[in-house]
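A quick write-up on the structure given underneath.
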Amino acid sequence: MSATPAGAPALRIGARVLLLDGEDRVLLIHAKDPDEPDQHWWELPGGGNESGETLEDTARRELGEEIGIQLDHIGPQLWDRETRFRYRGREHHRRETVYLARITDTAPALRPEHSANEKVGLIEHRWWTHSDLAVCHDRLLPPNLPSLLAQIVAGELQRPVLLHA
66 MSATPAGAPA LRIGARVLLL DGEDRVLLIH AKDPDEPDQH WWELPGGGNE SGETLEDTAR
126 RELGEEIGIQ LDHIGPQLWD RETRFRYRGR EHHRRETVYL ARITDTAPAL RPEHSANEKV
186 GLIEHRWWTH SDLAVCHDRL LPPNLPSLLA QIVAGELQRP VLLHA
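Here the sequence shown stands for residues 66 to 230, where the numbers follow my numbering.
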């Protein structure tokens, strides 16, 4: 693996969960850049990998910390997504693995434990139907989430894919 060029952001590894309820609604987090409040988006719950943690454990931990939902197990890997973006005045480089999980009880079992960054950047979370996502005018991450969700619900996304943004 090559070294990060001088001035380039270091690659941060993380994991996210595409969480579906019994009605195939997907859980998304509405977040913003606190330094540029007009910059807001909806994304899957998740975050950065901690030392010694598997990516599956990262996805489960982050869901508990952000939403309060505790998963006993995580489903299959859906995709890896590599992104470069600007947040809080700095450039970032991330590679995240997204896992599928399903639940029937959507009530949080834990009290969310938001980091300082999440406290200033999180707006809300919401369960979305596919039809709601299809007409959403807000920024979605990944941008093709409506079509990915349709493939997942239809059982058409059979192997992990790599997304770039």
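Here a beta-carbon is modelled for each residue, glycine too, at the ideal position from N, C-alpha and C.
message = Between Pro74 and His158, how many whole angstroms is the CB-CB distance? I'm expecting something under 8 Å.
response = As a working note, residue 74 is residue 9 in the sequence shown. As a working note, residue 158 is residue 93 in the sequence shown. With 8 Å as the limit, Pro74 and His158 qualify as a contact, their Cβ atoms being about 4 Å apart.
task = Could you tell me if Asn245 is buried or exposed, where buried requires 16 or more neighbouring beta carbons within 10 angstroms of its beta carbon?
result = Nothing about residue 245 can be reported from this structure: the residues present for the chain run from 66 to 230 only.
ask   = Helix, strand or coil for Ala215 per DSSP?
value = Taking the first residue of the sequence shown as position 1, residue 215 is located at position 150. Reduced to three states, the DSSP call for Ala215 is helix.
key: Extent of the continuous alpha helix (DSSP H) run through Glu131   = The residue given as residue 131 occupies position 66 in the sequence shown. Here the alpha helix (DSSP H) through Glu131 covers Leu120 to Glu131.
Beta strand (DSSP E) segment containing His158, residue limits = Locating residue 158 in the sequence shown gives position 93, where the first residue counts as 1. Run containing His158: Arg155 to Arg167, per the beta strand (DSSP E) assignment.
task = Report the residue from Arg167, Arg191, Tyr152 and Trp106 whose alpha carbon sits nearest the alpha carbon of His202.
result = Working through the sequence shown from its first residue, we reach residue 202 at position 137. Here the closest residue by C-alpha is Trp106.
ask   = For Glu221, does the count of other Cβ atoms within 10 angstroms reach 16, so buried, or fall short, so exposed?
value = For the purposes of this step, residue 221 is taken as the residue at position 156 of the sequence shown. So Glu221 ends up on the exposed side.
Range of the contiguous alpha helix (DSSP H) that encloses His190 = Taking the first residue of the sequence shown as 1, we reach residue 190 at position 125. Run containing His190: none in the alpha helix (DSSP H); it sits in the beta strand (DSSP E), Leu187 to Trp193.
request  = Compare the C-alpha of Asp100 against each of Leu120, Arg151 and Ser196 and name the closest.
outcome  = As a first step, residue 100 is located in the sequence shown; it is residue number 35 there, counting from the start. Minimum Cα distance to Asp100 is reached at Arg151.
inquiry  = Could you give the first and the last residue of the continuous beta strand (DSSP E) run that contains Leu76?
reply    = Here residue 76 corresponds to residue number 11 of the sequence shown, with the count starting at 1. Where Leu76 is concerned, the enclosing beta strand (DSSP E) stretches over Leu76 to Leu85.
ask   = Under the rule that 16 or more other beta-carbon atoms within 10 Å means buried, what is Ile78, buried or exposed?
value = For the purposes of this step, residue 78 is taken as the residue at position 13 of the sequence shown. By the C-beta density criterion, Ile78 is exposed, having fewer than 16 other C-beta atoms within 10 angstroms.
task = Check whether the stretch 121-129 touches the stretch 78-93, taking contact to mean three or more Cβ pairs, one atom from each stretch, closer than 8 Å.
result = yes
key: DSSP state of Met66 mapped onto helix, strand, coil   = Indexing the sequence shown from 1 puts residue 66 at position 1. Interpretation of Met66 is limited by its pLDDT of 49, a score under 50 that renders its predicted location unreliable; no figure is taken from the coordinates.
ask   = In terms of alpha-carbon separation, which member of Pro102, Ser180 and Pro207 lies closest to Thr162?
value = As a position in the sequence shown, residue 162 is number 97, starting the count at 1. Per the Cα distances, Pro207.
ask   = Among all the DSSP beta bridges, which residues are the ones paired with Gln135?
value = By 1-based counting over the sequence shown, the position of residue 135 is 70. In DSSP, Gln135 forms no bridge with anything.
Boundaries (first-last residue) of the beta strand (DSSP E) holding Pro177 = On the sequence shown, residue 177 is found 112 positions in, with the first residue counted as 1. Element bounds for Pro177: n/a, residue is neither H nor E.
Beta-carbon spacing of Glu131, His95 below 8 Å = In the sequence shown, counting from the first residue as 1, residue 131 sits at position 66. In the sequence shown, counting from the first residue as 1, residue 95 sits at position 30. Not a contact, by the Cβ cut-off of 8 Å.
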